[in-house]
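Here's the structure we're looking at; comments come further down.
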Amino acid sequence: MLHFNRQVKHLPPEVLWRAASEAVIEEIVTAPKPGLVDPLGSGCHTDMDWHTFIRSAQAIEPFWEYQAMAGLSGTAPS
């Protein structure tokens, strides 16, 4: 973990928040995932489907930048 942290410290915040945002989208498009939401179905989730997952990922996207900046500065997000 320490080696990873040293490398990440030198990345611009934009690289980190874009990677986080893309990772969330990549997670939803990966299929099949038995029991989990994917493009093939809702799995065991009765309150979520592929469309709600995508919308929630889009809703939190603006906050990844703040999380990246907080992580790089060593401060806890407020």
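The opening position of the sequence shown corresponds to residue 470 in this note's numbering, with each subsequent residue numbered one higher. All C-beta atoms, glycine included, are put in the ideal place defined by N, C-alpha and C.
With DSSP collapsed to three states, give me the class of Gly510.
-> strand
With distances taken Cα to Cα, identify the nearest neighbour of Ile548 among Gly543, Glu534, Tyr535 and Thr521.
-> The shown model of the chain, from 470 to 547, leaves out residue 548, and the question about it has no answer.
Spatial distance of Gln476 from Ser490 (CA atoms) | 19 Å
Determine the extent of the alpha helix (DSSP H) in which His520 is found, giving its start and end residues.
-> Trp519 to Ser542
For Ala492, count neighbouring Cβ atoms within 10 angstroms of its own Cβ and tell me buried if that reaches 16, exposed if not.
-> exposed
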